[in-house]
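Here's the structure we're looking at; comments come further down.
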Amino acid sequence: MQDLANYSATEHLRDGREVKIRALQPDDKDDMLAAIGRTGTQSLQRRFFVVKRGFSETEIAFFMNIDFVNHAALVALAEEDGRSVIIGGGRYVVTQPGQAEIAFVVIDNYQSQGLGTMLMRHLSIIARRAGVKELIAEVLPENVAMRKVFEKFGFRAQRGSDPQVLHLVLKL
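For the sequence shown, UniProt numbering begins at 1 and goes up steadily by one.
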């Protein structure tokens, strides 16, 4: 899916700042890790369901190995001090034919600016183009902001395997 690997769009945050939403690139590794370092403990726990401050080489390789067939990832970039930096991202991973799990993370300083909604909109476009028929999100009940994003797009609650986690599904 070469065209999806070059995906790029320009958006504006609620406060008017411009952001670029684009496909994760192989040379984004250091910037992605820097963004994780700028993300608060609670935000990372809401994303990974455990307290997470670092990643193994295997985890990093997984996050960077994007083919836009079974694993797609977008990053959001903003200008800070004259350079473009990653401020958030979203991805989906195909778990079975036609079905993918989706997840997002936004660094704390950019939360509540509509970035989750933007990433969701662009990832759903890519998922449809790639033939994904259903997106699944696993969300902690206290993650009200992400729940609102998913509700806005029409995700519906279904019974999941973990009673401590909301299992949300969107038919594309």
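Ideal Cβ placement from N, Cα and C applies to all residues, glycine included. It should be emphasised that the depicted structure is a prediction, and the values quoted were computed from it without experimental measurement.
Assignment of beta-bridge partners to GLU151 by DSSP yields no partner.
Sequence-distant Cβ neighbours of GLU18 in its own chain, meaning closer than 7 Å and more than five residues away, are THR10, HIS12.
The C-alpha of ARG83 is placed about 32 Å away from the C-alpha of VAL139.
If you draw a straight line from the Cα of VAL75 to the Cα of VAL165, it comes to about 25 Å. Closest in C-alpha terms to ALA127, from the list PHE55, ARG147, ALA61, ALA23, comes ALA23.
Within the same chain, no residue comes within 8 Å of GLU59 by CB-CB distance, once the 5 residues on both sides are set aside.
Close CB contacts of VAL132 within its chain, under the 8 Å cut and outside five residues either way in sequence, are with TYR92, VAL94, GLY98, GLN99, ALA100, LEU172 (chain order). As a beta-bridge residue in DSSP terms, GLU79 pairs with SER84. When the Cα atoms are used, PRO141 and MET120 turn out to be separated by approximately 19 Å. Contiguous alpha helix (DSSP H) elements confined to the region 99 to 141 occur at 115 to 129, taking only those with 4 or more residues.
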